[in-house]
Each structure stands twice: as structure tokens, then as C-alpha cells.
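Each remark here refers to the structure printed beneath this line.
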Amino acid sequence: MKTFILFASLLISGVLFSQTIYDYKVVDINGKSFDLSSLKGKKVMIVNTASKCGLTPQYEQLEELYKKYKDQNFVIVGFPANNFMKQEPGTNEEIESFCQKNYGVTFPMMSKISVKGSDMDPLYKFLTTKSLNKLEDNDVKWNFQKYLIDEKGNLVKVISPSILPTDKEIIKWIEAK
């Protein structure tokens, strides 16, 4: 019985079962289920976005990066969130229209979620909790915080919102074999 309890404790704590982003399903901006396991083998940048933020022009660099590297096993996944000064007040339809009209966004956009607080989306709990992501505890500091995920679905780096998506460090990571 003690062995079973120890095994169960290790399993629950993630010691025996390591989570990745592939363990999560989300909903895309059109309301369809999006299984993150469909991204296996790709480097992924997850970014929380907002349409009425001083950092909103980062959509342009995100799209530039996506277009340049999408055929090289790289994808960006955007998650609109209204957590910071209510800078993403729109509906999913309004957000999608804004992104396409103003920035020509073609990378996958998901439905609006919460990235902090008591209603935090489970994917963001994974991204911000060391016991789950095995890298670090962190807080989503603002809109356009970037999470870099390796080809095996593991969180490898958290990038500050103020760092542009086209920063040399990010490009080096994408291009590394």
C-alpha cells in the first residue's frame, strides 16, 4: 500500500509523468477545438495578445516571423487576453477582424482566454508553474509575453513582453537545429 501511495504521489506531482503543451486542447478563434499535440515536431511561440495595447504593433513582427519560418517547423499561436487594463475588450470575431485588417495575421489565433488570476486558462497554468512546466515559475507580466516551446512540447524560455518577436535571441533559437 505504501508503494502505491508513493507511486500515486510521484505521478500526481509530475515526477513520473512529465507534462508538455501536447497535453492540452484549446479552442481557436472560430470556436473549433485545437489539439496542441498537432504541433508535435515544431518549435512553437505562444503569445498572449491584445488589440488596444502599446505593444499591439508586435503583431506585425509576429506575422513577419511566422511567414519567414512557418515552412521550417515553426508556428506562432496567439491567445487574446483581456487581463491587462482591459486592452482586449472585443469578441473573438472583432479580434480576428482587427488582426487580419490591420496586420494580415495568418498564424493560428485562439479564442480569448484569461492568462492570470483565478480564471487562468489551464495551458497558462502549465506555462507559469514550475511543477508542471519543469522550467520555472513565472507570471505573465503584460500583453505579448512570449513562451518558447521546443519540438517535444517543453517550455524552454520565457521572453519579456517588451522584447520584439524579431529579436536576435528568438531568431537564433528558431534557426538552431
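Residue numbers (the numbering used here): 889 to 1065.
Beta carbons are placed, not taken as given, at the ideal position from N, Cα and C, and that holds for glycine.
Remember, predicted model here, so these are calculated numbers, not experimental data.
So the alpha helix (DSSP H) residue i belongs to, where does it begin and stop?
{"i": "Y947", "result": "Q946 to Y957"}
{"i": "T1016", "result": "P1010 to T1016"}
{"i": "S921", "result": "Looking at the DSSP string, S921 is not in any alpha helix (DSSP H); the run it does join, the beta strand (DSSP E), is S921 to D923."}
{"i": "I853", "result": "Outside the displayed range of the chain (889 to 1065) lies residue 853, so it cannot be described from this structure."}
{"i": "K989", "result": "N980 to Y991"}
According to the Cβ coordinates, are residue i and residue j closer than 9 Å?
{"i": "N1026", "j": "N971", "result": "no"}
{"i": "M998", "j": "V915", "result": "yes"}
{"i": "I1074", "j": "F995", "result": "Since the first residue of the chain shown is 889 and the last is 1065, residue 1074 is not available in this structure."}
{"i": "P968", "j": "I1001", "result": "yes"}
{"i": "L953", "j": "T1054", "result": "yes"}
{"i": "I1062", "j": "Y957", "result": "yes"}
{"i": "V1046", "j": "E1024", "result": "yes"}
{"i": "K913", "j": "S921", "result": "yes"}
Please list the terminal residues of the continuous beta strand (DSSP E) segment that includes residue i.
{"i": "I1051", "result": "It is not in any beta strand (DSSP E) - I1051 carries neither H nor E in the DSSP assignment."}
{"i": "I934", "result": "K931 to T937"}
{"i": "F967", "result": "F962 to P968"}
{"i": "K1029", "result": "Element bounds for K1029: n/a, residue is neither H nor E."}
{"i": "K913", "result": "K913 to V915"}
Under a Cβ-count criterion, where at least 16 other Cβ atoms within 10 Å of its own Cβ denotes burial, should residue i be classed as buried or exposed?
{"i": "V903", "result": "Bear in mind that the predicted position of V903 carries a pLDDT of just 49, short of 50, making it unreliable; the figure below should be weighed with that in mind. So V903 counts as exposed."}
{"i": "M933", "result": "buried"}
{"i": "P1049", "result": "buried"}
{"i": "T979", "result": "exposed"}
Provide the residue(s) that pair with residue i in DSSP beta bridges, ordered along the chain.
{"i": "Y1035", "result": "I934 and V1046"}
{"i": "I1001", "result": "A969"}
message: Taking 8 Å as the cut-off, does the stretch 1003 to 1021 touch the stretch 983 to 994 (at least 3 CB pairs, one atom from each stretch)?
response: Counting Cβ pairs under 8 Å, fewer than three are found: no touch.
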